[in-house]
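Mind the numbering: the sequence shown is residues 1 to 474 in my numbering, read in order.
Worksheet for the structure shown next.
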Amino acid sequence: MRGAILAFLADTPASNVGAGFKESVGGARKKCRHCDATYETMQECFSEEDFTLRCKQDHEEQLKRLEKAPNKFLREYYSKLFGINERSHLEEAPFFDVCEQFPQDIMHVFLEGVLAYKLKYLLRHYIEEESTFSLQDLNQEIQTFSYGYSHIKDKPCIIKATDLDRQSSSNLGQGAANMWLLAQVLPIILRKFVTTDSHHWECFSSLLEIMGIAFSTRISLETIVYLKSAIKNHLLLFKNTFPDAPIIPKQHFLVHIPSQILKFGPLIRSWCMRFEGKHAYFKDLAKKIKNFNNIPYSLAQKDQKVVCAEHMNVDGKGEVSLLFGREIALGKNKSLSGGDLEAAKASIARFFPITDGPAEIRLCNSITINGTRYCPGINNLVQIGYTANGLPEFASLVKIWYVSDASAFFASKVMESVRFVEELNAIEIDEPSLPEGLQVSRPSDLPFHQVHHSYSSELKKKYIPLRQYIFDTD
Ligand SMILES: [Zn+2]
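In structure tokens, the structure reads:
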């Protein structure tokens, strides 16, 4: 068996240590592990082409100067100048290039970096400079907002006044998942307080657009080209709108995101959110098993047993996926009979040929498919396709049927996609203008598996906030 290292995935300090760069960019003249950016140049330049990218050859040259430095003072000087501490052990792996194979982690760059930084200045502007609303007003709105069932677990926490201090590094008191949800719902929450026709707002909505594309699972080449210009315009707008706020290294890292998507594919496929989730599980486990002699060994043993147990098909029911456990898990459900059964069969048969056999159809209160839980409800929507205008088309889940040994079927009411509302980063939806019957679709036919929720602003219009860019059809 042969293998090679494709990429080293971690947050900024850990990646920098792995690559042999300075762990904290604060002490380095060159602050980026991808290019020669200094504090001064990252304030002025907002395209990757404006910087000289680090390359294997130059990196080797810099390492040699560092290693051959005749005294520790010169070594320290070179170390600060180049932002390099030492040769990375990963260079021992075949074909590994430390300048190319340490991509940015979008969770840390956005959800624990750029977004909090931007929001801190935006909220200070509205709360302190313009007195548009108070922090109490904002917290009240955030806490009483009616989050959809798939959002509620990530409900943002209360933001403290100290979180808005310039020097605060508290990430507004939010975890990464809370921050992601806050970014989606904040435009709808703030819509009643602020006008969206301002540079301050435009700067925020442009960041949401960039995040949506960077977090997408499907990104076309055209969208990557657009992302480059969107990042450049956003950073320029940020600089002009918040002249007192310096461009921080994580904002500079944005200029490298498009080329890294080209190299590695959508970066959400390799982000640290999943690793940190598993890490949190291990931290909890270590406290529970209370055996500290050899923690990695104990945790690995315990986890392998749990994974093994999860994959055992004890009751012989259904396939057990190596990745997801049971791919389909039914919530509370009942078997249909009589007229209900015939009506369900007729609805499904309008869209899919089902055999005449005595198929049992179960009506489900919820169904979990590959880890995503779907529940019927007027405010619970899935994307079923695209409109003729290229807008994502959504449908409210009305009924969920499970046909034994076949598939789940969603009976849904198709909503009208009115427009993409750029300033809210959301799709405005409305009731269909013509009454239509229920649309029936299979989960595997949906272009994206996520559940969406619609929220109303003070105008009573309904908006579906977009957490990912879902306009690229393939
Ligand atoms: Zn750079």
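Ideal Cβ positions, reconstructed from N, Cα and C, are used throughout, including at glycine.
Item	Value
Closest Cα partner of residue 128 within the set 161, 153, 118	161
Entirely enclosed beta strand (DSSP E) segments - the stretch 133-184, minimum 3 residues	none
Inter-stretch contact (C-beta, 8 Å, three-pair minimum) for the stretch 170-186 and the stretch 99-116	yes
Coarse secondary structure for residue 380, derived from DSSP in three states	strand
Residues bridged to residue 401 (per DSSP)	363, 409
Residue 82 Cβ short of 7 Å to ligand 1 heavy atom set	no
Segment contact, 8 Å Cβ cut-off, at least three pairs: the stretch 252-261 with the stretch 188-204	no
Euclidean distance between Cα positions of residue 311 and residue 301	16 Å
According to DSSP, residues forming a beta bridge with residue 53	35
Buried versus exposed call for residue 12 [16 or more other C-beta atoms within 10 Å across all chains shown]	buried
Own chain partners of residue 421 with C-beta closer than 6 Å, once the 5 adjacent residues on each side are dropped	428
Where the beta strand (DSSP E) through residue 442 begins and ends	Careful: residue 442 lies outside any beta strand (DSSP E) and carries neither H nor E.
Residue 26 versus residue 234 - alpha carbon distance	24 Å
Opposing strand residues paired with residue 395 [DSSP bridges]	382, 414
Every unbroken alpha helix (DSSP H) within the stretch 178-222, with a cutoff of 4 residues, ordered by chain	199-214
Simplified DSSP state of residue 259, which is helix, strand or coil	helix
CA-to-CA distance, residue 401 to residue 336, given in whole angstroms	9 Å
Exercise answer, beta-carbon shell around ligand 1 heavy atoms below 5 Å	32, 34, 35, 37
Cβ contact (3+ pairs, closer than 8 Å) linking the stretch 60-68 and the stretch 36-48	no
Distance between residue 149 and residue 331 (C-alpha atoms, nearest Å)	15 Å
Residue 449, DSSP secondary structure in three states	coil
Helix, strand or coil at residue 387 according to DSSP, with G and I counted as helix	coil
Where residue 434 falls, given that 16 or more other Cβ within 10 Å makes a residue buried	exposed
At least three beta-carbon pairs within less than 8 Å, the stretch 205-218 to the stretch 454-474	yes
The beta strand (DSSP E) enclosing residue 335, as first and last residue numbers	333-335
Contact set for residue 376: own chain, Cβ-Cβ below 7 Å, skip 5 residues either direction	397, 398, 399, 400
Bridge-paired residues (DSSP) for residue 330	367
Strand pairing of residue 470, partner residues [DSSP]	Note: residue 470 sits in no beta bridge, so no partner.
The stretch 79-91 / the stretch 161-175 touching (three or more Cβ pairs under 8 Å)	no
Simplified DSSP state of residue 19, which is helix, strand or coil	helix
Extent of the continuous alpha helix (DSSP H) to which residue 486 belongs	Because the chain in this structure spans residues 1 to 474, residue 486 falls outside the shown range and cannot be described.
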